[in-house]
Amino acid sequence: MQTTEQRSHEQVLDDRKRFVSGGVSTPRLVVASADGARVTDVDGREFIDFAGGIGCQNTGHRFAPVVDAIHHQADLYLHQCFMVGVYEPYVETCRLLAELSPCAGTDQKSILVNSGAEANENAVKIARAATGRPAVIVFDNAFHGRTLLTMTMTSKVHPYKAGFGPFAPEVYRAPAPYPYRGVSSDDAIEGMKKVFKSEVDPQTVACVLLEPVQGEGGFVPMPPDFPARLAELCREHGILYVDDEVQSGVGRTGKMWAIEHYNGVEPDLLVSGKSIGGGLPLAAVTGRAELMDAVEPGGLGGTFGGNPLSCAAAVAVLEAVREPEFLEAAARLGERLRTRLEELAARHTGIGEVRGLGPMIAFELAERTPDRAKAIVDAAFERGLLLLACGLYGNVVRLLPALTISDDELEDGLGLLSDALTAAR
Ligand code: PLP
Numbered sequence: 405m406q407t408t409e410q411r412s413h414e415q416v417l418d419d420r421k422r423f424v425s426g427g428v429s430t431p432r433l434v435v436a437s438a439d440g441a442r443v444t445d446v447d448g449r450e451f452i453d454f455a456g457g458i459g460c461q462n463t464g465h466r467f468a469p470v471v472d473a474i475h476h477q478a479d480l481y482l483h484q485c486f487m488v489g490v491y492e493p494y495v496e497t498c499r500l501l502a503e504l505s506p507c508a509g510t511d512q513k514s515i516l517v518n519s520g521a522e523a524n525e526n527a528v529k530i531a532r533a534a535t536g537r538p539a540v541i542v543f544d545n546a547f548h549g550r551t552l553l554t555m556t557m558t559s560k561v562h563p564y565k566a567g568f569g570p571f572a573p574e575v576y577r578a579p580a581p582y583p584y585r586g587v588s589s590d591d592a593i594e595g596m597k598k599v600f601k602s603e604v605d606p607q608t609v610a611c612v613l614l615e616p617v618q619g620e621g622g623f624v625p626m627p628p629d630f631p632a633r634l635a636e637l638c639r640e641h642g643i644l645y646v647d648d649e650v651q652s653g654v655g656r657t658g659k660m661w662a663i664e665h666y667n668g669v670e671p672d673l674l675v676s677g678k679s680i681g682g683g684l685p686l687a688a689v690t691g692r693a694e695l696m697d698a699v700e701p702g703g704l705g706g707t708f709g710g711n712p713l714s715c716a717a718a719v720a721v722l723e724a725v726r727e728p729e730f731l732e733a734a735a736r737l738g739e740r741l742r743t744r745l746e747e748l749a750a751r752h753t754g755i756g757e758v759r760g761l762g763p764m765i766a767f768e769l770a771e772r773t774p775d776r777a778k779a780i781v782d783a784a785f786e787r788g789l790l791l792l793a794c795g796l797y798g799n800v801v802r803l804l805p806a807l808t809i810s811d812d813e814l815e816d817g818l819g820l821l822s823d824a825l826t827a828a829r
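With our numbering, letter number 240 in the sequence shown gets 644, and the count goes up by one each step, no holes.
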């Protein structure tokens, strides 16, 4: 909407209540502008942003190369539909994804879509077409999206599944490692073997999907040995390994893809999204040509998938994040965050574990209720810090600052977090 005057916080929230579905959960923040690691609301209040639009701002709000690329693209053309007119930004995004892919095989191809959920749906379609098998295995604490298939694959009833059944068939769930809560890699591998005995014939399984660091499920990094052991089990049974890096990818863990932290594993398909578009909607499935070409022409795609503006932004993001200096700075940010969170955990009661991979980091409260995490997020908001909770029990507070955040902004944000922890005792 074009407005000459910014409407007040209350006016926007009143209209939000009146005109926007209650099925979308929203905070009190009404955004006027955002830059780097900061967001300003319509009353002129500035916030340090440790939420990043749920992990979509690894390069920060309005990253200059992204804004320039979008302006340049906007002057040429906006929508084309890749199925009507081929355009270079789409192809260039796929070329970069091929160059940067952690997947098995040298000849990598991609399909571009609008959201992480849509990309996961497409990964399953591709795996089914390539293997001729129907079943899918997912894990405890997984989050793969909100569409019918992906909410089926997601592992949390409220608010993602309750009332939305019947669910998609041929989706089976195995235990995921969660050392802090007593589930080891051995337990998870045994659990997977049990699924093969009790639930589904492995010969009918097309793929497994795993987040290397479970995101919505509580920022649970897979133990160092687990991805390779899972990949081995998949190989034994001809099952494809799908690496869902919608939240953990694009530098979030200090490497381009979180799976690069793990030895001995090359996924078959990579699913990326969120930060790849630098703030515009884009997601992708990447894998070796033999898999990506298993679908007949027309079987993949969509009207807006790989929109030119999103692709122009993605090229700028991928070119920036792949730079060794960018990733080294992100890794340093991760070390600093860990040290500072551990200090906070020593000073504040109730923090059970600080965990994460690089700057994809969180703390879990020992008590398995959402109350205190919610109080911390609210107290942080009152003090000018945007934070998010996550976890099956809503008792994990996660940090997703821009990887470009300055030292001063980081310290300011951590100071506010410390105050919020004190306030929400
Ligand atoms: N996969 C993972 C690991 C995610 O974290 C998310 C979103 O949080 C999704 C998939 C779904 O992405 P989207 O919300 O873009 O559909």
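Just so it is clear, CB atoms sit at the ideal spot from N, CA and C, and this is done for glycine as well.
C-alpha gap between residue i and residue j, whole angstroms
i    : j    : result
A777 : L769 : 7 Å
P728 : A578 : 36 Å
E636 : A724 : 34 Å
E746 : E694 : 46 Å
G710 : V517 : 6 Å
I680 : T826 : 36 Å
V470 : L713 : 10 Å
F467 : G440 : 7 Å
H476 : V801 : 38 Å
T690 : R639 : 19 Å
G754 : F568 : 35 Å
I663 : K421 : 41 Å
H641 : Q607 : 6 Å
L480 : V654 : 27 Å
L731 : K601 : 42 Å
V495 : A749 : 46 Å
D605 : A566 : 28 Å
A824 : N524 : 36 Å
D811 : A539 : 47 Å
6 Å CB neighbourhood of residue i in its chain, flanking five on each side removed
i    : result
T556 : F571, A572, V575
L722 : L500
D816 : I452
E757 : Y584, E768
D544 : S559, P579, A580
C498 : S514
T444 : A436, S437, E450
A502 : Q512
C-beta contact flag for residue i and residue j at 8 Å
i    : j    : result
V609 : R692 : no
L803 : F454 : yes
L673 : A718 : no
G456 : P805 : yes
E766 : R759 : According to the sequence as given, residue 766 is Ala; it is not Glu. Yes, these two residues count as a Cβ contact at 8 Å.
N526 : L789 : no
N667 : A632 : yes
R656 : M487 : no
A546 : E615 : yes
M626 : R726 : no
I541 : V599 : yes
I780 : A735 : no
V434 : V424 : no
G677 : C794 : no
H665 : L741 : no
A531 : L644 : yes
Anticipated Cβ contact below 8 Å, residue i with residue j, distance rounded
i    : j    : result
G658 : Q461 : That pair is no contact at about 16 Å.
V675 : V646 : 6 Å
A733 : L807 : 7 Å
Y582 : V612 : That belief does not hold up - the Cβ atoms of Y582 and V612 are roughly 17 Å apart, past 8 Å.
A473 : A716 : 4 Å
S589 : D629 : 5 Å
V587 : L553 : V587 to L553, Cβ: 25 Å. No contact.
V650 : G520 : 4 Å
Own chain partners of residue i with C-beta closer than 7 Å, once the 5 adjacent residues on each side are dropped
i    : result
E670 : P506, C507, A508
L820 : I452, A784, R787, G788, L789
R744 : L818
C485 : T707
S822 : L748
L482 : P712, L713
Residue interval of the beta strand (DSSP E) (run including residue i)
i    : result
D439 : 435 to 439
C715 : Counting along the chain, C715 falls outside any beta strand (DSSP E), though it belongs to the alpha helix (DSSP H) covering 712 to 725.
G691 : 687 to 692
V540 : 539 to 543
S425 : Per DSSP, S425 belongs to no beta strand (DSSP E) and is neither H nor E.
I830 : It is not possible to answer for residue 830, since the shown part of the chain is limited to 405 through 829.
K601 : Taken as a continuous stretch (DSSP letters only), K601 belongs to no beta strand (DSSP E), being part of the alpha helix (DSSP H) at 589 to 602.
V675 : 673 to 676
Near ligand 3: residue i beta-carbon under 7 Å from a heavy atom
i    : result
F547 : Looking at this structure, you won't find ligand 3 anywhere; what it does contain is ligand 1.
Contacts around residue i, its chain only, beta-carbon distance under 8 Å, and the 5 residues preceding and following it disregarded
i    : result
E522 : G549, T551, A687, G706, G709
D591 : P579, P581
Alpha helix (DSSP H) segment containing residue i, residue limits
i    : result
E470 : The sequence given here places Val at residue 470; Glu does not occur at that position. Here the alpha helix (DSSP H) through V470 covers 468 to 478.
M557 : 552 to 557
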